[in-house]
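Q: Just so you know, we're using this note's numbering here: the sequence shown kicks off at 4 and counts up by one.
Can you keep this structure in mind? I'll have questions shortly.
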Amino acid sequence: MKTRIWINFVLVVMAVCMPGCKKKAPPPTEPEIKPEAEVKETRPMSANEEPFGQTADGREVTLYTLTNTNGLRARITNYGAILVSLEVPDQDGKLADITLGFDALDGYLKVHPYFGATVGRYANRIGKARFVLDGVEYKLAANDGENHLHGGIKGFDKVVWRPEDLWANDDEALVKMSYISEDDEEGYPGNLACTVTYTLTKDDELKINYEAETDKTTVVNLTNHSYFNLAGQGTGDILGHELTLNADKYTPVDEGLIPTGEIRSVKDSPMDFTLPMSIGSRIKEVGNGYDHNYVLNSGGGTLALAAKVYEPTSGRVMEIHTIEPGIQLYTGNFLDGTLTGKGGKVYKKHYAFCLETQHFPDSPNKPDFPSVVLQPGQKYTSVTVHKFSTR
Ligand code: GLA
């Protein structure tokens with residue numbers, strides 16, 4: 004019986020999502036006629052694929068490359084739906100890869116702190132690795148002390164996603180992939196059909212869209228866990244990066260990094276990034292570094308500016324817009340020089356920052372936080388846009 008329901012669910016999901024799964028023709032765009040003076044030498048938008056190796060159980064993994072007209076280049080693999088690299092120009096037009104990670108699939112198959120990964124079914128922590136939904140207690144893997152972190156032992160970052168779409172037109176290049184997380188996987192209720200789409204636009208944005216549907220009431224919180232260094236990956240620490248967060252409040256945490264439930268003002272504290280401040284200016288006052296969820300002033304639900312980061316030596320600027328109500332500022336506190344990444348670079352403490360758009364940690368156990376519950380018939384959507392420029 005259970006198997007039949009499951010098969011039906013898979014069939015419905017396939018019927019809904021799969022037409023368009025194959026490499027489909029890009030939507031037509033009208034050729035633009037520009038006055039001659041405006042015509043610049045540009046390369047076409049492109050979306051390509053190549054083999055990226057095999058998992059331990061012999062599954063083929065692919066590497067997708069999206070390139071835009073200004074040369075920005077994002078490489079994504081369907082192993083963990085990981086953003087492998089992101090090359091963006093500095094103030095002189097010189098490209099550098101601004102995300103930490105590995106040159107080859109091997110690095111991602113070993114233990115690593117979620118470099119570039121798509122994190123789910125629940126990004127960030129769930130206290131005591133349990134929650135109650137409709138009167139039923141669900142027990143999850145305790146993979147961070149007594150707590151549950153980033154989806155458990157084998158989260159969405161460690162599964163092979165199914166390729167759905169790969170194309171480029173005059174405006175954007177995209178890759179879309181899907182994953183069906185089975186009922187009870189890592190302890191979560193419900194078969195969850197998810198997609199993640201990476202889109203590189205001609206306006207120097209990398210958009211990440213998530214969608215999910217369930218056949219049983221469940222909880223969902225998806226994010227991308229890229230480690231950024233706008234001066235170039237592996238070049239040093241990020242303490243000189245200037246950060247602005249559109250957040251007047253944050254969620255204080257206990258020793259296990261679980262929110263206490265309080266929503267506290269950042270005013271007159273080292274947590275305040277409402278005006279541009281270097282990440283390092285007060286980091287010594289926050290213990291091991293920042294690892295906190297900020298409550299965005301937008302309240303979530305509409306695409307709004309959440310964060311802006313400026314790196315003075317390169318002039319690179321990254322803006323993050325999201326429809327999520329929260330963002331985790333994590334300053335690479337657990338990087339300790341034991342991992343060697345792309346180009347042989349050694350990743351030391353504070354060599355990168357993460358800005359993970361999300362619902363608040365431990366929301367399944369915090370009735371006052373914005374809800375993370377997804378019901379059958381509802382569609383979970385999440386959008387985050389990284390916009391690059393220089394100054
Ligand atoms: C998140 C968490 C951190 C840490 C990293 C991965 O950002 O908030 O505490 O677990 O992931 O190392």
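Backbone N, C-alpha and C define an ideal beta-carbon position, used for all residues, glycine too.
Is the shortest distance between the beta-carbon of E265 and the beta-carbons of chain B less than 8 Å?
A: Here there is only one protein chain, and chain B is not present.
Q: What I want to know is whether the C-beta of Y333 ends up closer than 7 Å to one or more non-hydrogen atoms of the ligand GLA.
A: Here residue 333 corresponds to residue number 330 of the sequence shown, with the count starting at 1. Under cutoff, so the answer is yes.
Q: Report the three-state DSSP secondary structure of F372 (helix, strand or coil).
A: Residue mapping note: residue 372 aligns to position 369 of the sequence shown, counting from 1. Coil, per DSSP.
Q: Going by beta-carbon coordinates alone, are S229 and G158 separated by less than 8 Å?
A: As a working mapping, residue 229 is identified with position 226 in the sequence shown. As a working mapping, residue 158 is identified with position 155 in the sequence shown. No. Outside cutoff.
Q: Verify the contact flag: D294, CB atom, against every heavy atom of the ligand GLA, threshold strictly below 7 Å.
A: Translated into positions along the sequence shown, residue 294 becomes position 291. True, at least one ligand heavy atom lies under 7 Å from that Cβ.
Q: Looking at C-beta atoms only, is the number of pairs between the stretch 351-369 and the stretch 288-305 that lie closer than 8 Å three or more?
A: In short, these stretches touch, since the Cβ pair count reaches three.
Q: May I ask whether a heavy atom of the ligand GLA can be found less than 7 Å away from the beta carbon of C357?
A: Mapped onto the sequence shown, residue 357 falls at position 354. At least one heavy atom of the ligand GLA is nearer than 7 Å to the Cβ of C357, so yes.
Q: Mark T341 as exposed unless 16 or more other C-beta atoms lie within 10 angstroms of its C-beta, in which case mark it buried.
A: On the sequence shown, residue 341 is found 338 positions in, with the first residue counted as 1. Under this definition T341 is an exposed residue.
Q: Thinking C-beta only, is R78 closer than 8 Å to T65?
A: Taking the first residue of the sequence shown as 1, we reach residue 65 at position 62. Taking the first residue of the sequence shown as 1, we reach residue 78 at position 75. Result no, Cβ atoms of T65 and R78 do not sit closer than 8 Å.
Q: Measure the C-alpha to C-alpha separation of D240 and Y313 and round it to an integer number of angstroms.
A: Position 237 of the sequence shown holds residue 240. Position 310 of the sequence shown holds residue 313. Rounded to whole angstroms, D240 to Y313 spans 14 Å at the Cα level.
Q: Do you know whose CA, among V114, A145, L177, G335, lies nearest T51's CA?
A: Position 48 of the sequence shown, counting from 1, holds the residue named residue 51. The identity of residue 51 in the sequence shown is Asn, whereas the question assumes Thr. When each option's Cα is compared against that of N51, the closest is L177.
Q: Return yes when the Cβ of Y201 is within less than 8 Å of the Cβ of L209, no when it is not.
A: As a working note, residue 209 is residue 206 in the sequence shown. As a working note, residue 201 is residue 198 in the sequence shown. Contact flag set, yes.
Q: Please report the distance separating the alpha-carbon of V375 from that of D95.
A: On the sequence shown, residue 375 is found 372 positions in, with the first residue counted as 1. On the sequence shown, residue 95 is found 92 positions in, with the first residue counted as 1. C-alpha separation (whole angstroms): 43 Å.
Q: Using a 10 Å radius around the Cβ and a threshold of 16 neighbouring Cβ atoms, would you call S317 buried or exposed?
A: Sequence index remark: in the sequence shown, residue 317 carries index 314 (1-based). With 16 or more other Cβ atoms within 10 Å, it is buried.
Q: Taking a contact to mean a Cβ-Cβ separation below 8 Å, would you say Y125 touches N224 in this structure?
A: Working through the sequence shown from its first residue, we reach residue 125 at position 122. Working through the sequence shown from its first residue, we reach residue 224 at position 221. Yes, Cβ-Cβ distance for Y125 and N224 is below 8 Å.
Q: Pull the bridge partners of H295 from the DSSP assignment, please.
A: For the purposes of this step, residue 295 is taken as residue 292 along the sequence shown, with counting starting at 1. Its beta-bridge partners are L332.
Q: Inspect the CB distances between the stretch 161-174 and the stretch 348-355 and report whether three or more fall short of 8 Å.
A: Short answer: they don't touch.
Q: Which of helix, strand or coil does DSSP assign to E39?
A: Taking the sequence shown and counting its residues from 1, one reaches residue 39 at position 36. With a pLDDT of only 46 at E39, under the threshold of 50, the placement of this residue in the model should not be trusted; the figure read from the coordinates follows. Residue state, collapsed to three classes: helix.
Q: Thinking C-alpha only, which one of G292, N249, V199, D275 is nearest I323?
A: Taking the first residue of the sequence shown as 1, we reach residue 323 at position 320. Per the Cα distances, N249.
Q: Any heavy atom of the ligand GLA closer than 7 Å to the beta-carbon of L75?
A: Residue mapping note: residue 75 aligns to position 72 of the sequence shown, counting from 1. False, no ligand heavy atom lies under 7 Å from that Cβ.
Q: Is K26 helix, strand or coil by DSSP?
A: Here the question's residue 26 lines up with position 23 in the sequence shown. Note that K26 scores 45 on pLDDT, short of 50, meaning its location in the model is unreliable; the coordinates nonetheless yield the value given after this. Here K26 sits in coil by DSSP.
Q: Measure the CB-CB distance between K382 and E214 and report whether it falls below 8 Å.
A: For the purposes of this step, residue 382 is identified with residue 379 of the sequence shown, where counting begins at 1. For the purposes of this step, residue 214 is identified with residue 211 of the sequence shown, where counting begins at 1. Going by C-beta atoms, K382 is nearer than 8 Å to E214.
Q: Going by beta carbon distance, what residues of the same chain come within less than 7 Å of E63, once the five residues before and after it are set aside?
A: For this step, residue 63 is matched to residue 60 along the sequence shown. Here the set comprises P54, Q57.
Q: When every heavy atom of the ligand MN is checked, does at least one fall within less than 7 Å of the C-beta of F337?
A: No copy of the ligand MN appears in this structure; the ligands present are the ligand GLA.
Q: Please go through the same chain and pick out, in chain order, the residues whose beta-carbon is closer than 6 Å to the beta-carbon of A84, but skip the five residues on each side of it.
A: On the sequence shown, position 81 is the one that residue 84 refers to. Closer than 6 Å at Cβ, skipping near neighbours: T121, W164, M180, V199.
Q: Determine the closest residue to L143 out of L112, G104, D186, P116, with distance taken between C-alpha atoms.
A: Along the sequence shown, read from residue 1 onward, the residue named residue 143 stands at position 140. Comparing Cα positions, the closest option is D186.
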